[in-house]
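Take the working numbering: the last position of the sequence shown gets the number 174, and nothing is skipped along the way.
Glycine residues also receive a C-beta, built at the ideal position from the N, C-alpha and C atoms.
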Amino acid sequence: MRAVLQRVTQASCTIDGEITGAIEGGFLVLLGIEDADTMEDLDWLAQKIIGMRVFGDENGMMNKALADVGGDILLISQFTLFASTKKGNRPGFTRAARSDVAIPLYEKMIEKLSALSGKKIKTGIFGADMKITLLNDGPVTILIDTKDKE
Numbered sequence: 025m026r027a028v029l030q031r032v033t034q035a036s037c038t039i040d041g042e043i044t045g046a047i048e049g050g051f052l053v054l055l056g057i058e059d060a061d062t063m064e065d066l067d068w069l070a071q072k073i074i075g076m077r078v079f080g081d082e083n084g085m086m087n088k089a090l091a092d093v094g095g096d097i098l099l100i101s102q103f104t105l106f107a108s109t110k111k112g113n114r115p116g117f118t119r120a121a122r123s124d125v126a127i128p129l130y131e132k133m134i135e136k137l138s139a140l141s142g143k144k145i146k147t148g149i150f151g152a153d154m155k156i157t158l159l160n161d162g163p164v165t166i167l168i169d170t171k172d173k174e
């Protein structure tokens, strides 16, 4: 699994003119799932997202986690995080999981993040043409890959 975490002061997802999810502050998380991903990857990544200390403390240092600042999560499925750009200029997406694998893991990620945060997770709709707006705070943008547990 790959996730792009963006610390935001606001973010929303709109589909066909209707807002499906919006937050005022916290993380916009773009989530890519590949066929090789497991529940172990999901659990590790969810813990990492919830525990990521990138919010400012009283001294302006990035020492606070999402719960410390009362932040929310907008979770968006993003198969293009597994784009292969090795050959030519048209990316390939063969590493991205098919929907029969990805949808259940995406739904489990929503459940896991909700359980860990104690909050409802805002989302887009898997596979839809989504318009995402955000105001990146910092900017702080972090890429996490469960295959590179650094």
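N- and C-terminal bounds of the beta strand (DSSP E) containing residue i
i       : result
Val-28  : 26 to 39
Met-86  : 86 to 88
Ile-43  : 42 to 47
Lys-11  : Examination of residue 11 is not possible in this model, given that the chain is present from 25 through 174 alone.
Lys-144 : Segment: none, Lys-144 is in no beta strand (DSSP E) and carries neither H nor E.
Boundaries (first-last residue) of the alpha helix (DSSP H) holding residue i
i       : result
Leu-129 : 123 to 141
Met-63  : 63 to 75
Between the CA atoms of residue j and residue i - distance to the nearest angstrom
i       : j       : result
Asp-65  : Met-86  : 25 angstroms
Asp-153 : Ile-97  : 20 angstroms
Asp-40  : Phe-150 : 14 angstroms
Arg-119 : Met-25  : 11 angstroms
Ala-107 : Lys-155 : 19 angstroms
Glu-58  : Gly-116 : 13 angstroms
Phe-79  : Asp-61  : 29 angstroms
Asp-81  : Gly-112 : 45 angstroms
Ile-74  : Arg-122 : 26 angstroms
Leu-140 : Val-125 : 23 angstroms
Ile-145 : Ile-43  : 14 angstroms
Thr-88  : Asp-161 : What sits at residue 88 in the sequence shown is Lys, not Thr. Distance between the alpha carbons of Lys-88 and Asp-161 is about 14 angstroms.
Three-way DSSP call (helix, strand, coil) for residue i in this model
i       : result
Glu-82  : coil
Val-92  : Looking at the sequence provided, one finds Asp at residue 92 rather than Val. Correct three-state label for Asp-92: helix.
Ala-152 : coil
Ile-57  : coil
Asp-172 : coil
Gln-165 : Residue 165 is actually Thr in this sequence, not Gln. In the structure shown, Thr-165 sits in a strand (DSSP, three-state: E or B).
Thr-118 : coil
Exercise. Taking contact to mean at least 3 C-beta pairs separated by less than 8 angstroms, is the stretch 46 to 55 in contact with the stretch 29 to 36?
Worked result: A contact is defined here as three or more CB-CB pairs under 8 angstroms, and the stretch 46 to 55 meets this definition with respect to the stretch 29 to 36.
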